[in-house]
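K.L.:
Quick one: the structure is below, and I'll ask about it shortly.
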Amino acid sequence: MNSHFGCVSLLLASALGVTTQLYAQAPKVDFPSASPTCTIKQHVGLTDIEIVYSRPSMKGRTIYGGLVPFNAVWRTGANASTKISFSTPVKLNSNSIPAGKYALYTIPGEAEWTVIISKDTAGNIFNYSATNDLVRFKVTPVQLTDTSIETFTIEFNHIRDESAMINLVWDKTVVPIKLELDVVSKVLPQIDAAMASTEKKDAGLYYQCAMFYFNHDLDLKKPLAWLDAGLAGKPRIAFELLNLKARILAKQGDKEGAIAAAKESTELAIKAEGPSSSFARMNQDLISSLH
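This is how it looks when you write it as structure tokens:
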């Protein structure tokens, strides 16, 4: 009897060993994600921004007020909470955000959304705590009338030196978040240092510094002097410098000087780029606006 049961035990152990070995050797199945992860990086002004989020799709479902309830904290995507990082301090809808990495949550509403920037990047929707909120602010969603976005999307739009829009887009709803950056206070000391340098400056540097002052409504006397210094060397891009000079003079109300600079720019632009030069067209548009 003992011998019989011993044989049975050995057979069972052997069978279990084979079964375990078969399971251990089963190949891994790599299934596609229902809500794939996306990383979006955008350089705005002097700031690097990165957003990491998961992208669920509608798949015939009702989204807001259905899959995503109204008036409840949402991870703003699927799977883990959405993460957003800034390399410099920024403002979101006028709220100051220090440089760093954060979790982005939202509370969808029918007429108004709450955007939450959380300091807790290790947490998730299941252990979210308002005590970790850095800021909360309200935004008004915009409804699309002619299209529907199947897959949840976070995008940057209307990018300028000092601002951009971060849009949360899904179904027919767009949630706009205004991003603002401080560029002028960072660039002006660099321009001052470059202009004060005794090193030789090329026409391109003069042009870029003058353009920055023009675009940011700063003192226009300095860029005019820089453009004249750049033009003194008769550079290849003289027509570009003259076009900017014409625009600055027009902004100052000097129509005669602006027209003269625009005409000179046109002549040089056609010589350099031919009759289809975009600068020739821009100069003509400027001259027409001054008559």
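Under the working numbering, the first residue of the sequence shown is numbered 7, with each subsequent residue one higher.
Every residue, glycine too, gets a C-beta built ideally from N, C-alpha and C.
I'd like the list of long-range same chain contacts for V180, defined as Cβ closer than 8 Å, with 5 residues on each side in sequence excluded.
P.N.:
For V180, where only same-chain residues beyond five positions count, the Cβ hits under 8 Å are P147, V148, Q149, L150, N173 and L174.
K.L.:
At a cut of 8 Å, does the region 220 to 233 reach the region 251 to 261 through at least three beta carbon pairs?
P.N.:
At 8 Å Cβ cutoff, the stretches touch.
K.L.:
Looking at the structure shown, is C13 part of a helix, part of a strand, or coil, going by DSSP?
P.N.:
The predicted position of C13 is uncertain, since its pLDDT is 46 and thus under 50; no value can be drawn from it.
K.L.:
Bridge partners of W80, per DSSP?
P.N.:
Note: W80 sits in a beta bridge opposite T112.
K.L.:
With a cut-off of 8 Å, do at least 3 Cβ pairs link the region 180 to 198 to the region 93 to 108?
P.N.:
They touch, by the three-pair rule.
K.L.:
Starting from M171, trace the beta strand (DSSP E) both ways and give me its first and last residue.
P.N.:
Element bounds for M171: S169 to D177.
K.L.:
Do F220 and F245 have their C-beta atoms closer together than 7 Å?
P.N.:
The answer is no: Cβ separation not under 7 Å.
K.L.:
Report the residue from E118, A86, K269 and S154 whose alpha carbon sits nearest the alpha carbon of T68.
P.N.:
The candidate whose alpha carbon is nearest that of T68 is S154.
K.L.:
Mind checking which residues open and close the alpha helix (DSSP H) that includes I276?
P.N.:
Start and end: K261 to E279.
K.L.:
Can you list, in chain order, the residues of its chain with a C-beta nearer than 7 Å to that of G115? Leave out the 5 residues immediately preceding and following it.
P.N.:
Answer for G115: F76 and N77, listed in chain order.
K.L.:
Which of the three DSSP states is assigned to V35 in this structure?
P.N.:
Looking at V35 - three-state DSSP - the assignment turns out to be coil, as it is neither helix nor strand.
K.L.:
Sort S124, I131 and V74 by Cα distance to T137 and report the nearest one.
P.N.:
Cα-wise, what sits closest to T137 is S124.
K.L.:
Going along the chain, which residues of its own chain have a beta-carbon closer than 8 Å to the beta-carbon of N289, five neighbours each way excluded?
P.N.:
Once the five neighbours on either side are set aside, the close Cβ partners of N289 are N249, A252, A268, K269, S271, T272 and A275.
K.L.:
Kindly indicate which three-state DSSP category S203 falls into: helix, strand or coil?
P.N.:
S203 falls in the coil class under three-state DSSP.
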